[in-house]
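Before any comments, here is the structure.
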Amino acid sequence: MGPRAVYGIGATVQTPEGAGVGYRLRGQEQLVRALEDIQRALEEGVRGFIFHSRPRRI
Numbered sequence: 088m089g090p091r092a093v094y095g096i097g098a099t100v101q102t103p104e105g106a107g108v109g110y111r112l113r114g115q116e117q118l119v120r121a122l123e124d125i126q127r128a129l130e131e132g133v134r135g136f137i138f139h140s141r142p143r144r145i
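Encoded structure:
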């Protein structure tokens with residue numbers, strides 16, 4: 088759902104430190120776009136979604 092960093096113009100995801108951010112939503116705008124994608128899918132009849140969350144590092 089929504090845009091991903093691996094398709095963006097930034098080089099962060101190509102660095103060892105940034106490799107983990109590739110498929111995560113970053114920022115409020117990307118979250119809104121992802122929710123809009125889900126809404127469109129629901130309107131088309133999709134009945135299920137899989138969400139993945141990783142624990143925060145403290």
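Okay, so the sequence shown: first residue is 88 according to this note's numbering, each after it adds one. All C-beta atoms in this analysis are idealised placements derived from N, C-alpha and C, irrespective of residue type, glycine included.
### Message
Does Gly135 come out as helix, strand or coil in the three-state DSSP assignment?
### Response
The residue you call residue 135 lines up with position 48 of the sequence shown. In the structure shown, Gly135 sits in coil (DSSP, three-state: anything other than H, G, I, E or B).
### N-terminal and C-terminal residue of the alpha helix (DSSP H) that Arg127 is part of
Mapped onto the sequence shown, residue 127 falls at position 40. Element bounds for Arg127: Gly114 to Glu130.
### Message
Do Leu129 and Ala121 count as a contact pair if the criterion is CB distance below 8 Å?
### Response
Indexing the sequence shown from 1 puts residue 121 at position 34. Indexing the sequence shown from 1 puts residue 129 at position 42. Taking 8 Å as the cut-off, the beta carbon of Ala121 is found no closer than this to the beta carbon of Leu129.
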